[in-house]
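So the sequences go chain by chain: F and L. According to the numbering used here, the stretch in the first sequence is residues 1 to 289, in order. According to the numbering used here, the stretch in the second sequence is residues 1001 to 1200, in order. Using N, Cα and C, we set each Cβ at its ideal position, and we do this for glycine too. Report on the following structure.
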Amino acid sequence: MGSRGWARAAAVLRAFGRLDRRLVYLAALLCASAAVLWPPPLPVRPRPDTLAAYRLAQALRPGNAVFIWIDYGFGAQEELDPMLRAVLLQLMRRDAVICIASRSIEGGQIAETVMRRAAAGHPAYLEGYGVRWIDLGYRPAPDVALRAATVNLPAAYNGVDQAGLPLARFPLTARLRALTPEFFRLAYVFDLGDGYAAMMTYVSQVTGLPMIVGAISMEAPVIQPFVATGQIAATIPGIRGAAEYETLLGAPGPATALDRGSALVAVFILLLLALGNAGAAANPERQEG
Amino acid sequence: MQKAAVGLGTAAAIFVLATHLLGLGGSGLAAQGDRAVIATYAGAALLGLCNLGGIHLRRVAQRRRGWAYSLLLLGGLAGYGAVVLAQNPQGPGAEWVFLHVLSPLYATMYGLVAFFITSAAYRAFRARTPEALILLLTAVVVMVGETPLGDQWRVLGGFAGWLLHIPATGAYRAIQIGATLGALATGLRVVLGMERAHLG
């Protein structure tokens, strides 16, 4: 290539380094849409973290009780709802008794919605509210409620469920008197990365009941030290963990689609990084992008 | 007044510590303490509501910049309050607001973040120094390795996993230990009345 060719190539690279941000937004929109509509058919292979969480739940026997504490709001729904759905599917297949409570004010509503969707193919759960599952909802000072639940679960939630119905009328709450290994076999905490507060509260308040943490991808490294110490039995890391869970269940769903789509988005961001850096390299005196 | 607040805080802290250390978690005394905490939460929420309402009422009354947004906030507060009082916090009205107003608003806000991150990655993530190059390469490896592409290219996926499980976890552990020690020291200072900045 002659000097004119190099100059032209450098000019093109410089142009790539100065793309209008509206163009970048448009390209991101197209890429995200394509990722959602046509996710690449990549295989999802379960990793050890997710496998450990799956095996713990597989060891449940019919009628074993599981406590689920939800600490995420509408902002993390896209990542954590599919995970919650996958976990609920497995618990329903194991015929477990499910008790849900919430640490976030929106959690009760989210749990109810996800549970009803997940229970679509499980009439025993769809029609078994108060027998197979219950939603205790949110209570002000939720950390205090959790501590109180280790002594007296119904009293900790003022004796009412998410909808304000008295717990005394449900056969399930007569069985589950306290959040202890005597009444429960397993617990889940679905935690949004706000300083992993829910997980920390659980670790410090509840003893002897193994906990699995479902967290957004960003939070996964934060949780890892607690897995190493044994305070957390296993983790389900982010949307990828949820996709792996769906693969283990043999029921690919929203998490698998989102995870596959994320590969497309990663390639797109990689392309943008390459363009931006190539543009900067072709224009070394330019300090700001 | 400040001395009374410090004294009350110290007494509450000693009470909570004592119930934990003496194993009185299941006692009636601890239950009373729990009720006091819940009442404090409720009181703080009410105080916050009054403060927020007062600030925005003044802004509307004085027609300060952005007063229309304040009006919107006050309308939202009054409207949602009316819905909850007319039914209850779990009623169909409140549920409708949660599912059809709050949920899409949150989704929109978080959805927008993806665009800003993408644009920022393009404009600002430049390998100008060797350190920036290492950061960039690490970000690329973790980003790609944490997608199903990491399963296709095992070395990349394995390296991303190693980065997350070993160096990142080690760094987080150090941060956690440091932050916890800091929180412990601050807590002790508050309990002993040496730290009074929070009292104004």
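Do we get a CB-CB distance below 8 angstroms when we pair F:G63 with the residues of chain L? no
What did DSSP end up calling F:T180 once you bin it into helix, strand or coil? coil
Can you tell me whether F:L209 sits near the ligand ZN, meaning its C-beta is under 7 angstroms from at least one heavy atom of the ligand? What this structure holds is no ligand at all, so the ligand ZN is not there to describe.
Could you tell me how far apart the beta carbons of F:I134 and F:L91 are, in whole angstroms, since I believe they sit closer than 8 angstroms? At roughly 13 angstroms, the Cβ-Cβ gap does not stay under 8 angstroms, so F:I134 and F:L91 are not in contact.
Report yes or no: do the segment 1085 to 1099 of chain L and the segment 239 to 250 of chain F share at least 3 C-beta pairs separated by less than 8 angstroms? no
Name the two residues that bound the continuous beta strand (DSSP E) containing F:T235. A234 to P237
Check whether the Cβ atoms of F:G241 and F:T50 lie closer than 8 angstroms to each other. Contact flag set, yes.
Looking at the strands, I want to know which residues DSSP matches up with F:L186. F:L186 pairs with F:V66.
Boundaries (first-last residue) of the beta strand (DSSP E) holding F:Y138: W133 to Y138
Does the beta carbon of F:E246 sit closer than 8 angstroms to a beta carbon anywhere in chain L? no
Measuring straight from C-alpha to C-alpha, what distance separates L:L1184 and L:R1196? Between L:L1184 and L:R1196, the C-alpha separation is close to 16 angstroms.
Chain L partners of F:P225, CB-CB under 8 angstroms? T1169, Y1172, R1173 and Q1176
Secondary structure at F:Y245, three-state DSSP: helix, strand or coil? helix
In the segment 14 to 25 of chain F, which residues sit with their C-beta less than 8 angstroms from some C-beta in chain L, listed in chain order? L19, R21, V24 and Y25
Sort out for me which residues DSSP pairs F:I110 with in a bridge. None, per the DSSP bridge assignment.
List the residues of chain F whose Cβ lies closer than 8 angstroms to the Cβ of L:E1095, in chain order. Q109
Could one say the Cβ of L:S1103 lies closer than 8 angstroms to chain F's Cβ atoms, at least one of them? yes
Could you tell me the boundaries of the beta strand (DSSP E) in which F:S102 lies? V97 to S102
Report the option in F:R132, F:A141, F:V151 and F:G73 whose CA atom is closest to the CA atom of L:A1044. F:A141
First and last residue of the uninterrupted beta strand (DSSP E) at F:M211: Residue range M211 to A215 is occupied by the beta strand (DSSP E) that includes F:M211.
L:A1012 (DSSP reduced to helix, strand or coil): For L:A1012, the secondary structure class from DSSP, reduced to helix, strand or coil, is helix.
Can you give me the start and stop residues for the alpha helix (DSSP H) that F:G130 sits inside? Per DSSP, F:G130 belongs to no alpha helix (DSSP H) and is neither H nor E.
For F:F170 and L:P1092, the rounded distance between their alpha carbons: 22 angstroms
From the DSSP output, in three-state form, read off F:P225 for me. helix
Please list the residues of the segment 1144 to 1166 of chain L that have a C-beta atom closer than 8 angstroms to any C-beta atom in chain F, keeping them in chain order. V1144, E1146, T1147, P1148, L1149, D1151, Q1152, G1161, L1164 and H1165
Beta-carbon neighbours of L:Y1080, restricted to chain F and to distances below 8 angstroms: Within 8 angstroms Cβ-Cβ: nothing; L:Y1080 doesn't reach chain F, min ~12 angstroms.
Span of the alpha helix (DSSP H), counted from its first residue to its last, around F:P46: F:P46 -> no alpha helix (DSSP H), and no H or E assigned at all.
Go through its chain and collect everything with a Cβ distance to F:A263's Cβ below 7 angstroms, but skip five positions before and after it. P40 and L42
F:V66 vs F:F184 beta-carbon contact at 8 angstroms: yes
Quick one: which chain L residues come within Cβ less than 9 angstroms of F:V44? P1148 and D1151
Pull up the distance between the alpha-carbon of F:G289 and that of L:P1167, whole angstroms please. Because F:G289 sits at a pLDDT of 41, beneath the cut-off of 50, its placement in the model cannot be relied upon, and the point is left open.
Output needed for L:L1017: all residues of its chain with C-beta closer than 6 angstroms, excluding positions within five of it in sequence on either side, in chain order. The answer is none, since no qualifying residue turns up.
When the Cα atoms are used, what is the spatial distance from L:I1038 to F:V144? 8 angstroms
Put F:V160 into one of helix, strand or coil per three-state DSSP. strand
Using a beta-carbon distance below 8 angstroms, is L:S1070 in contact with chain F? no
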